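Below you'll find the structure, written out as structure tokens, and then a few comments.
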Amino acid sequence: MKEIEAYRRLTEILNKLQPYAIDLSLERIKSFLNKIGNPQDSFKSVIIGGTNGKGTLSQFLSDAFLARNIKTGTYTSPHLIDLNERFRINNKPASYCRLLDVALKIGRINSVNLTYFEFLTAVAFELFKQEKIEVAVLEVGMGGEFDATNVVNPMVSVITRISSDHTEHLGNTLETIAKTKSKIIKNVGVVGKNSKKVTDEIRRNTSAKLFFVDESHLNKAKRIKTMMQGTATKENIATALLTIEVLNKLYDYNLDYKAIENSFWQGRFEVIRTKNKTFILDGAHNKSATLKLVLSLKDFDNKILIFSALKSKDWKNNLKLLSPHFKKIILTPIAEHRLSEDVHNIKNAIAKQNIVIIAKNVNDAIIKAMEHKENTIVITGSLYLIGEAKACKIHKKFLP
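The numbering of the sequence shown is numbering that gives the first Met the number 0, which starts it at 0 and goes up by one.
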């Protein structure tokens with residue numbers, strides 16, 4: 000079967016599920032995995048939760064394992080362009096033919112009406128079992144305690160920086176969010192740079208052995224150059240260094256931190272230089288990530304902003320942080336119109352001193368930005384927006 004046909008058939012299967020349904024329980028996914036032989040028990044794992052930096056850290060750790068020739072499966076979400084980005088074996092996305100084979104098996108047994116994310120997680124676990132991977136690096140989808148990934152018994156659980164996000168499901172305070180996310184820690188926990196209230200809450204909610212990123216890890220991170228840029232990257236590097244240290248100490252992996260120097264993760268302060276413009280793509284969609292983005296932009300002058308947001312996000316406060324640093328702002332809807340905030344609502348929230356331009360879509364926004372004199376084009380506000388921008392093939396369309 001050709002890939003395009005496998006993609007179509009897989010899409011048909013997934014479209015019959017509830018794509019945005021959330022079930023705050025693990026009973027259904029546990030029951031289902033038990034029916035198919037608990038594939039998640041066939042490999043060792045590292046699970047990564049938190050608010051920001053989960054995908055970047057997943058890439059760092061996957062690269063560290065691969066550098067030691069350890070067969071590695073990586074499961075992340077969401078994808079930017081193609082669904083199979085979520086399922087990688089030794090850093091290569093699984094083919095749609097392979098994913099369809101596994102999805103058909105899962106679908107035949109799915110009598111418990113798994114949610115969209117539960118279904119994909121079951122596919123990941125079964126795929127990794129069939130591929131005989133040695134270690135899985137798993138990114139938590141949302142929260143922690145009731146996330147479908149939280150059925151594994153990981154070697155190490157990692158918590159990145161925690162900030163306010165998904166408050167409708169996780170709670171309105173950092174302490175409540177931290178408590179939920181800490182529930183992925185079972186054996187050993189590594190905790191990235193966080194506020195004292197977050198680290199105190201994590202300590203209160205687990206009896207596992209904990210390791211915390213400190214200034215020594217942050218200082219070491221400053222001396223490491225990776226393909227990823229931006230202020231937030233240094234915190235993620237520090238967390239990766241500590242995780243590698245813990246894995247080596249407790250499990251004798253002999254991982255080399257230098258493996259992360261060539262790591263790359265799409266859409267996180269991703270810089271694309273063209274013949275006469277510099278594009279900066281960053282999926283910042285909450286306060287913490289937006290503040291880091293603003294800090295990272297301080298070395299770039301003459302900027303124009305392309306912005307869009309989901310209705311469910313705190314886009315007004317994010318925009319307040321961004322707008323003072325741009326004279327011109329181009330607003331565009333996201334293709335997933337049901338989720339996209341109306342561009343006119345966004346325009347009404349922008350200060351009068353900003354010049355606001357409305358685009359029909361992301362491609363139109365990029366073309367409009369290219370027509371202006373500003374030489375740095377910043378695209379941010381949503382990972383959906385970043386995915387669409389990358390699908391426009393910026394780097395191919397405008398290269399010399």
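Positions of the beta carbon are idealized from the N, C-alpha and C atoms, including for glycine.
None of the values given here were measured: they were computed from a predicted structure.
Looking at the backbone, the Cα of Val111 and that of Ser94 are separated by about 27 Å. For Lys327 and Phe127, the gap between their C-alpha atoms comes out near 47 Å. Annotation: Leu99 to Ser287 spans about 37 Å, alpha carbon to alpha carbon. If you check the CB distance, Leu79 and Gly380 do not come in under 8 Å.
Closest in alpha carbon position to Ala283, among Gly52, Thr73, Ala220, is Gly52. In the structure shown, Tyr256 adopts helical secondary structure according to DSSP, grouped into three states. Boundaries of the beta strand (DSSP E) harbouring Ser156: 155–158, taken from the DSSP string.
Looking at the DSSP output, Leu330 shares a beta bridge with Phe306, Ile357. For Ile105, the closest of Gly36, Gly48, Val136 by C-alpha to C-alpha distance is Gly36. Leu137 is a Cβ neighbour of Ser44, given a cutoff of 8 Å.
The alpha helix (DSSP H) runs of length 4 or more contained entirely in the segment 37–69 are, from start to end of the chain, 53–65. Taking 3 residues as the minimum length, the beta strand (DSSP E) runs contained wholly in the segment 78–150 are 86–88, 134–138, in order along the chain. DSSP, read as helix, strand or coil, puts Leu209 in strand. Thr71: member of the beta strand (DSSP E) spanning 71–74, first to last residue.
In the DSSP assignment, Leu296 falls outside any alpha helix (DSSP H) and carries neither an H nor an E. Residue environment: Asp62 is assigned as buried (16 or more neighbouring CB atoms within 10 Å of its CB, all protein chains considered). Judged by DSSP in its simplified three-state form, Leu9 adopts helix. CA-CA distance, Lys346 to Arg67, rounds to 50 Å. Taking 8 Å as the cut-off, the beta carbon of Thr114 is found closer than this to the beta carbon of Leu16. Ranking Leu65, Phe116, Arg87 by CA distance to the CA of Asn14 puts Phe116 first. Closest in alpha carbon position to Tyr6, among Ser41, Ile108, Glu84, is Glu84. By the neighbour-count definition (other C-beta atoms within 10 Å, threshold 16), Asp298 is an exposed residue. In terms of CA proximity to Asn344, Pro332 leads the group Pro332, Phe31, Gln352. Distance from the CA atom of Phe31 to the CA atom of Lys208, rounded to whole angstroms, is 30 Å.
The continuous alpha helix (DSSP H) containing Phe31 extends over residues 26–34.
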